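Colleague: Going line by line, the protein sequences match chains A and B.
Per the working numbering: the first sequence = residues 149 to 256.
Per the working numbering: the second sequence = residues 64 to 301.
Glycine included, every Cβ here is placed at the ideal spot set by N, Cα and C.
Treat the numbers as computed from the prediction; the structure is a model and nothing was measured.
Handing you this structure, nothing more for now.
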Amino acid sequence: MDTKIAILLVIAAAIIIAPLVLYSGLTEEEGFFTGSDGQGPEYLEEQGYEPWIEPIWSPPSGEIEVLFFSLQAAIGSLIIGYFIGYYKGLARRREDEIDEEVSQAKGK
Amino acid sequence: MHIYEGFLPWQWCVFWYALAIPVVVYGIIRIKKVTDEHPESKPILAVSGAFMFVLSSLKLPSVTGSCSHPTGNGLGAVLFGPAVVSVLCVIVLLFQALLLGHGGLTTLGANTFSMGIIGPLAAWLIYKGWQKVEGSQEAGGFILVGIFFAAFFADLLTYVTTAIQLSLAFPIPTFESAMLKFMGIYAVTQLPLAIAEGILTVVIFDYIMKLRPDVLDKLGVLELVKKVGKIEEPKETV
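Have a look at this one:
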């Protein structure tokens, strides 16, 4: 991995870790780290809005929800890893072929 | 950016569906065309979809003290154009609506419009513009800066669109004040995450660019042939 990529990944990690440090000790109970996706509906319910239709199915608990979120991430990572690996293999083989051609040419 | 099931009046659900459906249909046609013309681009299409799968599953903390998730829609938009991303987006949103109770079927049109159409459209326009400006430069670092901005704005504008959609449906008491409220919830929280998403998109794009520049060139993402002449293609035997 080249240094440019390493530096970029460290910056990305820092951006994500910063809020955890900044608000360290604070939890959901103080209103921290809740999802923005949920805050919109929460606000609308405060204004007296009632959703007119319920989801046909939703995870019965937080654990089950985490299960499906993890599954989603796992499927995605698997596909990315598989094809990047495949492409790396292709590139490696091409390098080997070029090396072979060079050594054959030298042999003659 | 997911608007939950039941949180848009049905008239608005119909409205956003009506705008999203033609784009998704066109996207399906585009996917067929691209994969017929360049079958070797299929793995990259799969990676673009997978990237959306991973990023939209990650709920990350933001400096506002709320959590939100990136969208992953910039990568596919730069590589294949916004219409193709709208199709990938429908797959991601259906998975989340059916299995996670996240988003919804009635709001699928609205959510596709923000994450699958406006965000990707922004990314695509920014990158195409960047290519024109960058045109005379050599391939490399400058392209990655363009990718960063494309992904950053794709992420951010997805959430701005959600804020606009909710403000239009619920102008309490006026559209402007509702907009201020929803922008605060969605767009401000999203800023640091959009930067992180931009960086991650640069990282994966860099990988793809190094491993398969030939495919990116055929897709019109890199103008290598125009710049340096013929490029080598690895032999594929699957």
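Starting from the C-beta of residue 215 (chain B), find all residues in its chain whose C-beta is less than 8 Å away, skip the five residues before and the five after it, and write them out in chain order.
Modeller: 137, 257, 258, 260 and 261
Colleague: Does any residue of chain A bring its CB to less than 8 Å from the CB of residue 157 (chain B)?
Modeller: No, its Cβ sits nowhere closer than 8 Å to a Cβ of chain A.
Colleague: Classify residue 159 (chain A) as buried or exposed, calling it buried when 16 or more other Cβ atoms lie within 10 Å of its own Cβ.
Modeller: exposed
Colleague: So the alpha helix (DSSP H) residue 246 (chain B) belongs to, where does it begin and stop?
Modeller: 238-246
Colleague: Relative to the alpha-carbon of residue 182 (chain A), which residue among B:90, B:120 and B:128 has its alpha-carbon at the smallest distance?
Modeller: Ranked by Cα distance from residue 182 (chain A), the options B:90, B:120 and B:128 are led by B:128.
Colleague: So, does the segment 89-109 of chain B touch the segment 270-282 of chain B, judging by three or more C-beta pairs under 8 Å?
Modeller: Short answer: they touch.
Colleague: Given that a residue counts as buried once 16 or more other Cβ atoms are within 10 Å of its Cβ, and exposed if not, what is residue 301 (chain B)?
Modeller: Legend: pLDDT at residue 301 (chain B) = 48, less than 50; position of this residue unreliable, value from coordinates given subsequently. It counts as exposed.
Colleague: For residue 181 (chain B) and residue 197 (chain A), I'd like the C-alpha separation in whole angstroms.
Modeller: 27 Å
Colleague: CB-CB under 7 Å to residue 85 (chain B), same chain, minus the five flanking residues each way: which ones, in chain order?
Modeller: none
Colleague: Roughly how many angstroms separate the alpha carbons of residue 248 (chain A) and residue 296 (chain B), rounded to a whole number?
Modeller: 18 Å
Colleague: Counting Cβ pairs, one atom from each stretch, are 3 or more of them under 8 Å apart for the segment 117-127 of chain B and the segment 96-105 of chain B?
Modeller: no
Colleague: Report the rounded CA-to-CA distance for residue 225 (chain A) versus residue 266 (chain B), giving the unit in angstroms.
Modeller: 14 Å
Colleague: Residue 173 (chain B) and residue 248 (chain B) look like a contact to me (Cβ under 8 Å); what is the Cβ gap, rounded to whole Å?
Modeller: With a Cβ gap of about 16 Å, residue 173 (chain B) and residue 248 (chain B) do not count as contacting.
Colleague: Per DSSP, what are the beta-bridge partners of residue 183 (chain A) in this structure?
Modeller: B:130
Colleague: Mind listing the chain A neighbours of residue 152 (chain B)? Cutoff is C-beta to C-beta under 8 Å, in chain order.
Modeller: None at all; the shortest Cβ gap to chain A is about 14 Å.
Colleague: Starting from the C-beta of residue 232 (chain A), find all residues in its chain whose C-beta is less than 8 Å away, skip the five residues before and the five after it, and write them out in chain order.
Modeller: none
Colleague: Do we get a CB-CB distance below 8 Å when we pair residue 101 (chain B) with the residues of chain A?
Modeller: no
Colleague: What is the C-beta distance between residue 171 (chain A) and residue 180 (chain A), in whole angstroms, given that I count them as a contact (C-beta under 8 Å)?
Modeller: 5 Å
Colleague: Does DSSP classify residue 123 (chain B) as helix, strand or coil?
Modeller: Reduced to three states, the DSSP call for residue 123 (chain B) is strand.
Colleague: Does DSSP classify residue 150 (chain A) as helix, strand or coil?
Modeller: Assignment of residue 150 (chain A) by DSSP, reduced to helix, strand and coil, places it in the coil class.
Colleague: Whose Cβ in chain B lies nearer than 8 Å to the Cβ of residue 187 (chain A)?
Modeller: 129 and 248
Colleague: For the alpha helix (DSSP H) containing residue 93 (chain B), list its first residue and its last residue.
Modeller: 73-100
Colleague: Return the CA-CA distance between residue 268 (chain B) and residue 245 (chain B), expressed in angstroms with no decimal places.
Modeller: 32 Å
Colleague: Can you list, in chain order, the residues of its chain whose CB lies under 6 Å from that of residue 160 (chain B), leaving out five sequence neighbours each side?
Modeller: 166, 167 and 168
Colleague: Quick one, which of B:163, B:146 and B:134 has its alpha-carbon nearest residue 209 (chain A)'s?
Modeller: By alpha-carbon distance to residue 209 (chain A), the top candidate from B:163, B:146 and B:134 is B:163.
Colleague: Quick check: what's the CA-CA separation for residue 221 (chain A) versus residue 231 (chain B)?
Modeller: 33 Å
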